Amino acid sequence: MRKLSCILARVLAVIMAVLLWSSLVSIAHAATHTNGYDYYYSGEGAAFWDSNYYSFFDINGTLGLDVTGPPLIKTSITYQDMYVDVPNGAIYGQNPGTYDTANDDKGNFIGTYDITSSNCVEPGYPDSSDCGANNSIVAPSHYNNCPPVTVYHHWVVVDGGVAVGSGSWQHIPNPGVC
Amino acid sequence: MFSRLMWSGIVLVACIAMTIGLFFGFGSRLQARTEAAMTCSQTAVVAAERGSPLLNPDGAKIALPQGEPQIVATVDGHAITAARLEMMVQNASYTNQEVLARLGSQAPSTLKAELTHSSGTLRQMFLTKLIDNALWLSLGQHDGEYASVAAAHQMLKQSVAIFHSTSVDDPAHIQFEAFLCVNHLTEASYQVDPTVVQGVQNALTIAAAKAHVNSTLPPSIQHNNAAIQAADNAYIQSLWSKNEVQIFLADFVPTRA
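Protein chains in written order, with my numbering: chain A, 1 to 178; chain B, 1001 to 1257.
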């Protein structure tokens, strides 16, 4: 009986250890949706299927655009902010010039990025710090403060006059910081 | 007494833990079932099939404009078929309309202009692109830069990994499902299909040929998109004249985006 209890206790310990490990993994996975800054990233279309290349391209919107994919393939991204959804759910600011009053992107925020070169400066933001190495584009510095409301980003990937992919992501103020 | 209490506690904790485990396990199975439910008959997939390219358009019944020849161009003797060209025109028209509809009236005029090209303009653009690509590919092959099968497999494997990371209702996920459906492929066969593999090899080779040409540009313009594009266009135009390019499409004017 004592031996049986001992075995049972060991089995339970193993089960609990596995469950604890699973929980930690789940927490770690969930944490990838935050970026350590003062907003959350959330959105769909973090990747797009480009049938011209029979391949997926990965767009990680955590910090602006960070395009990781096969090197050398030249694809342009026409990217824009189009509107802001205020906390009460109303949508306003359809004119790109009227949104995000706390930040500096009050003008047209429409640009074409070449994801394979370091020449990724947004029109209106001639700030080389926006450009990252290894074919990536890092967060524009003007997002490193609290956005006043959730900011929706819509992006369209245009390759040779064809929209090969589109999607959106949101910058949501982090209640823990903002 | 203490021992019995301790055991009761352990059993209670174990029961709670197992309940949680079963709950999450059920959740995973439910998710897996949802993913498995994505089939070719699903409405979203059927709709997306209209914009999906066929691996073998020449074997499909694709409507051609009246008077358009079956062969629209040849590059060094290799034919470019009207079926392939028209498939690209029809798919692009549909996809562009879909994206514009999704963006709505908020889309800026520059984007609208780019995505509302007429069929005639798209036809000119795609035939230019098909000829350009054939010439870039030929250049890459000539320079010994043809991408390996292993490189293509690596890219396809990466694609499947990204596909799995997307949610089932993600437009990219649906588009890929539609591509598999119209071409009677599975995730597994997609990664080894000879046409797909060769298409990826070609894409990688074209990119390598362009990168090679761009590496010869002066450092001052190597980060200037417009200058690089202009240099690429000038180079490809020189290839048009050096190679045997014949056009059979009426009123064709090379058009680049």
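Idealized CB from N, CA, C, for every residue including glycine.
Please read all numbers here as calculations on a predicted model, not as lab measurements.
Proximity test, Cβ basis, 8 angstroms: residue i and chain A
i	result
L1030 (chain B)	The predicted position of L1030 (chain B) is uncertain, since its pLDDT is 39 and thus under 50; no value can be drawn from it.
Q1175 (chain B)	yes
S1052 (chain B)	yes
R1084 (chain B)	no
H1117 (chain B)	yes
L1022 (chain B)	Reliability fails at L1022 (chain B), whose pLDDT of 42 lies under 50, so the model's placement of it is uncertain and no value is given.
I1247 (chain B)	no
P1219 (chain B)	no
V1045 (chain B)	no
F1252 (chain B)	no
E1145 (chain B)	no
E1114 (chain B)	yes
L1122 (chain B)	yes
V1072 (chain B)	no
I1236 (chain B)	no
V1089 (chain B)	no
K1242 (chain B)	no
I946 (chain B)	It is not possible to answer for residue 946 (chain B), since the shown part of chain B is limited to 1001 through 1257.
A1266 (chain B)	A query on residue 1266 (chain B) cannot be resolved here, the shown segment of chain B reaching from 1001 to 1257 and no further.
N1096 (chain B)	yes
A1063 (chain B)	no
I1080 (chain B)	no
S1165 (chain B)	yes
L1239 (chain B)	no
V1168 (chain B)	no
A1150 (chain B)	no
S1189 (chain B)	no
V1099 (chain B)	yes
G1199 (chain B)	yes
S1159 (chain B)	yes
Terminal residues of the alpha helix (DSSP H) in which residue i lies
i	result
Q1097 (chain B)	1082 to 1103
T1128 (chain B)	1119 to 1142
I1206 (chain B)	1194 to 1215
V1160 (chain B)	1149 to 1165
P1254 (chain B)	Segment: none, P1254 (chain B) is in no alpha helix (DSSP H) and carries neither H nor E.
Q1175 (chain B)	1171 to 1182
A1063 (chain B)	Per DSSP, A1063 (chain B) belongs to no alpha helix (DSSP H) and is neither H nor E.
T1116 (chain B)	From DSSP, T1116 (chain B) is part of no alpha helix (DSSP H); its letter is neither H nor E.
T1043 (chain B)	1043 to 1049
Minimum C-alpha distance to residue i - residue among the options
i	options	result
T1081 (chain B)	B:S1189, B:I1247, B:E1049	B:I1247
P1053 (chain B)	B:A1083, B:K1210, B:M1125	B:A1083
S1138 (chain B)	B:W1240, B:F1252, B:P1254	B:W1240
Q1148 (chain B)	B:A1188, B:N1133, B:G1199	Per the sequence presented here, residue 1148 (chain B) reads as Ser, with Gln not at that position. Residue B:G1199 is the option with its Cα nearest to S1148 (chain B).
N1202 (chain B)	B:Q1229, B:Y1190, B:S1220, B:Y1146	B:Y1146
G1067 (chain B)	B:V1253, B:L1249, B:P1254	B:L1249
V1072 (chain B)	B:H1153, B:L1103, B:V1245	B:V1245
G160 (chain A)	B:H1117, B:D1193, B:L1185	B:H1117
G1140 (chain B)	B:A1209, B:S1159, B:L1103	B:A1209
T1043 (chain B)	B:I1174, B:P1218, B:A1227, B:N1233	B:I1174
Y54 (chain A)	B:E1114, B:D1076, B:Y1190, B:G1144	B:Y1190
A47 (chain A)	B:E1098, B:T1121, B:V1160	B:V1160
Q1229 (chain B)	B:P1219, B:N1214, B:D1143	B:N1214
The beta strand (DSSP E) enclosing residue i, as first and last residue numbers
i	result
V1075 (chain B)	1071 to 1075
Q1246 (chain B)	1245 to 1247
One or two residues paired with residue i in a DSSP bridge
i	result
A1079 (chain B)	B:T1074
F57 (chain A)	A:F48
Residue-chain proximity (residue i, chain B), Cβ-Cβ < 8 angstroms
i	result
V158 (chain A)	yes
Distance cut-off 7 angstroms: residue i Cβ against heavy atoms of the ligand SAM
i	result
I1221 (chain B)	For the ligand SAM, the structure offers nothing, since it holds no ligand at all.
### Query
Does the segment 1109 to 1119 of chain B touch the segment 1166 to 1179 of chain B, meaning 3 or more C-beta pairs lie closer than 8 angstroms?
no
#### Entry: Cβ pair count under 8 angstroms reaching 3, the segment 1081 to 1101 of chain B against the segment 1052 to 1062 of chain B
yes
### Cβ contact (3+ pairs, closer than 8 angstroms) linking the segment 1123 to 1137 of chain B and the segment 1174 to 1183 of chain B
no
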